[in-house]
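Position in the sequence shown (from 1) plus 498 gives the number in this note's numbering. Every residue gets a Cβ at the ideal spot worked out from N, C-alpha and C, and that includes glycine. Following: one structure in structure tokens, then a few remarks.
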Amino acid sequence: MATITEGYLDHKIFGIVSETAAELGVRAFVIGGYVRDCFLGRANDDIDIVVEGRGIELAEAVGAKVRSKVSVFRNFGTAMLRYQGIEVEFVGARKESYHRESRNPIVEDGSLEEDQLRRDFTINAMAFSLQKEDFGALVDPFGGIRDLAAGIIRTPCDPEVTFSDDPLRMLRAVRFAAKLSTPEHTFDIVPEAMAAMRRMAPRMEILSKERIAEELNKTLLCDTPSRGFRLMDEGGLLPYVLPELQALKGVETMDGKGHKENFSHTLQVLDNVAAVDGGKLWLRWAALLHDIGKPRSKRFVPGQGWTFHGHNVIGAKMVPGIFKSLKMTQGDEMKYVQKLVDLHLRPIALVDEEVTDSAVRRLLFDAGNDIDDLMTLCNADITSKNPVKVARIRANFELVKRKMAEVEQKDEIRNFKNPIDGAYVMDLFGIPPCQEIGILKEAVKNAILDGEIGNNFAEADALMRRKAAEIGLHPVK
Ligand code: ATP
Ligand code: MG
């Protein structure tokens with residue numbers, strides 16, 4: 499007898515889909531993530547409906563009933579509508595077969611069973627019936643419920659075939675292991691699937707960069723993203739995903755001296771950021787890439803040990819290329835990541851030296867409105883195992899933060915705008931646009947950042963006039 503699940507299909511939409519499917523004479527089921535998340539007690543506003551018949555037709559009939567706009571994607575045979583805060587996607591049940599030579603499967607109409615067989619994991623292949631006679635019955639042909647309870651990610655078919663057919667499933671396995679794991683209940687990929695992953699990793703070459711980037715983003719947004727990246731490493735996927743990250747692995751030893759293992763360190767920093775940032779994707783990218791320049795800057799200095807001088811600058815230069823290789827944006831988000839990678843040592847360098855007002859002002863100026871994120875990253879970067887050292891750094895860090903607040907209140911550097919503008923200078927001295935204007939403005943900026951003058955027009959103007967006289971410029975009025 500089928501298990502009838504109660505409470506999971508209370509939302510009005512399920513009754514409406516059920517009724518409409520009956521009218522059209524087709525069978526419809528809720529499938530995939532929504533079913534899985536019901537049993538895990540996780541909220542999910544994305545509902546996938548699979549129809550034995552035409553998915554688009556059912557979507558349009560439901561859309562007409564609830565007066566919602568239906569978006570149709572004919573190429574994929576899918577349709578989507580929004581209703582009372584949830585997103586419902588409709589697809590016809592399909593049977594898929596793949597050919598070795600081609601990335602694209604041959605797709606034919608199929609039954610629910612055939613559709614479940616082409617799904618990635620047992621826990622993602624469960625369905626709830628929407629038929630009147632057994633409304634809510636669980637259809638679980640591969641033991642998804644058992645695997646959910648055991649915390650197991652397993653493919654319904656031979657994992658090697660599953661992964662070879664669509665290599666994205668390897669990244670999805672990793673992502674679900676990271677996403678579904680909680681401190682009380684971890685999810686692991688079964689050993690056979692891990693082994694298949696290591697063999698099939700080179701198949702990743704056929705994936706589009708956009709699909710890879712999307713999975714990476716979703717992995718980064720998990721509560722403990724390190725788990726995903728560790729599994730990518732164990733499964734041999736890293737070289738195909740982010741070879742630069744792979745290069746952080748390992749420790750070299752010279753004269754008995756080793757250095758920090760930069761891959762583990764990076765993942766620790768990433769988790770530290772994720773624990774406090776409330777889901778900031780680009781800050782997490784900055785954490786992932788903050789030490790990416792280390793392999794290229796690594797030197798062994800006899801008598802001193804390993805150094806990574808300038809790794810922040812090298813890393814910042816690598817960021818656009820890494821984003822480009824994943825076909826990700828070159829816009830503001832990339833520039834933000836680049837800036838954080840570049841500046842990630844600055845707050846901590848302040849801590850090691852004397853915290854002068856001018857150093858704090860310069861940092862505020864360079865970081866601008868991203869200063870708080872930079873401080874979050876910098877705090878997360880303290881991963882030393884030596885409690886005395888950590889306590890000392892954190893105490894100094896608090897000092898830097900207090901100093902920043904003070905300076906910010908006094909001088910408002912964060913949104914620094916030069917009190918002297920170019921038009922004013924041209925007008926005052928009767929000069930056309932020229933190099934001198936830049937020189938004078940720069941002198942004003944530096945004087946303010948160094949604390950020689952206050953951040954106001956009167957003091958800036960006086961200083962600018964003095965500097966102008968030195969280079970032979972005199973007011974015409
Ligand atoms: P999420 O909460 O991340 O959206 P989900 O399980 O809903 O999780 P989707 O990517 O929205 O994941 O996909 C919906 C369903 O479609 C999955 O549960 C799975 O059954 C199936 N699916 C998605 N992508 C694949 C794939 N590449 N291969 C096989 N089945 C897939
Ligand atoms: Mg989904």
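Residue i beta carbon near the ligand MG (any heavy atom closer than 8 Å)
{"i": "D959", "result": "no"}
Best match in the options for proximity to residue i [C-alpha to C-alpha]
{"i": "R844", "options": "F863, Q828, S882, T827", "result": "F863"}
{"i": "F895", "options": "L824, A526, M873", "result": "M873"}
{"i": "I1018", "options": "D543, S679, A889, E906", "result": "This structure cannot settle anything about residue 1018, because the visible part of the chain is limited to 499 through 975."}
{"i": "S516", "options": "F661, D664, V560", "result": "V560"}
{"i": "V923", "options": "K901, A878, L971, C876", "result": "L971"}
{"i": "T576", "options": "G583, L556, K593", "result": "L556"}
{"i": "P681", "options": "L507, T722, V817", "result": "T722"}
{"i": "V942", "options": "L824, K915, P931", "result": "K915"}
{"i": "R592", "options": "Q582, E606, N715, G583", "result": "E606"}
{"i": "T881", "options": "H763, R859, V849, V853", "result": "H763"}
{"i": "P800", "options": "M752, A921, V774, M702", "result": "M752"}
{"i": "N770", "options": "D879, L838, G754", "result": "D879"}
{"i": "I937", "options": "G920, S595, I951", "result": "G920"}
{"i": "V888", "options": "L735, V849, A772", "result": "V849"}
{"i": "E612", "options": "A784, V637, N944, R890", "result": "V637"}
{"i": "G553", "options": "S609, L786, P741, K975", "result": "S609"}
{"i": "A693", "options": "E759, A847, L779, G733", "result": "G733"}
{"i": "P818", "options": "D789, G808, Q836, H809", "result": "Q836"}
{"i": "S823", "options": "P737, A785, L841", "result": "P737"}
{"i": "S679", "options": "P689, K563, I650", "result": "I650"}
{"i": "L705", "options": "S662, R697, F674", "result": "S662"}
{"i": "N573", "options": "P654, F806, S566, N602", "result": "N602"}
{"i": "P639", "options": "K939, M624, N877", "result": "M624"}
{"i": "N867", "options": "L875, N884, I911", "result": "I911"}
{"i": "R782", "options": "Q802, L718, A773, D731", "result": "L718"}
{"i": "Y596", "options": "S569, V659, K908, N954", "result": "V659"}
Residue i Cβ short of 8 Å to the ligand ATP heavy atom set
{"i": "F527", "result": "no"}
{"i": "A623", "result": "yes"}
{"i": "L666", "result": "yes"}
{"i": "A546", "result": "It is worth fixing the name first, because residue 546 is Asp in this sequence and not Ala. D546 Cβ: within cutoff of the ligand ATP."}
{"i": "R616", "result": "yes"}
{"i": "R652", "result": "no"}
{"i": "K716", "result": "yes"}
{"i": "T574", "result": "For clarity, residue 574 is Phe in the given sequence; the question names Thr instead. No, since every heavy atom of the ligand ATP falls outside the 8 Å radius drawn around the Cβ of F574."}
{"i": "N877", "result": "no"}
{"i": "D535", "result": "yes"}
{"i": "R670", "result": "yes"}
{"i": "F955", "result": "no"}
{"i": "N542", "result": "yes"}
{"i": "K677", "result": "yes"}
{"i": "F619", "result": "yes"}
Residue i: CB within 8 Å of a non-hydrogen atom of the ligand GTP
{"i": "R580", "result": "The model on display carries the ligand ATP and the ligand MG but not the ligand GTP."}
Any chain B beta carbon closer than 9 Å to residue i
{"i": "A784", "result": "Considering every chain present, this structure includes no chain B. It has just one protein chain."}
Decide if the segment 627 to 639 is in contact with the segment 511 to 523; the criterion is three or more beta carbon pairs, one per stretch, under 8 Å apart. yes
The ligand MG site residues, beta-carbon cut 5 Å against heavy atoms: G531, D544
So, do the segment 789 to 798 and the segment 741 to 755 have three or more beta carbon pairs nearer to each other than 8 Å? yes
Ignoring anything shorter than 4 residues or poking outside the segment 544 to 598, list the alpha helix (DSSP H) runs there in chain order. 553 to 564
Runs of alpha helix (DSSP H) wholly within the segment 942 to 970 (minimum 4 residues, chain order): 955 to 968
What residue ranges within the segment 735 to 779 form continuous alpha helix (DSSP H) runs of no fewer than 4 residues, ordered along the chain? 736 to 739, 741 to 744, 760 to 774
Are there three or more Cβ pairs, one per stretch, closer than 8 Å when the segment 674 to 693 is compared with the segment 713 to 731? yes
Could you tell me whether the segment 707 to 716 touches the segment 666 to 681, using the rule of 3 or more Cβ pairs below 8 Å? yes
Touching or not, the segment 797 to 814 and the segment 692 to 706, by the rule of three or more beta carbon pairs under 8 Å? no
Would the segment 612 to 620 count as touching the segment 638 to 652 if we require 3 or more Cβ pairs under 8 Å? yes
Start-end ranges of the beta strand (DSSP E) lying completely within the segment 515 to 548, minimum 3 residues: 525 to 529
Using 8 Å as the threshold, is the segment 853 to 861 in touch with the segment 821 to 834, meaning 3 or more CB pairs across them? no
Which whole runs of the beta strand (DSSP E) in the segment 682 to 739 are 3 residues long or more, in chain order? none
At which residue ranges does the segment 616 to 681 contain complete alpha helix (DSSP H) runs of 4 or more residues, listed in the order of the chain? 642 to 648, 657 to 663, 666 to 678
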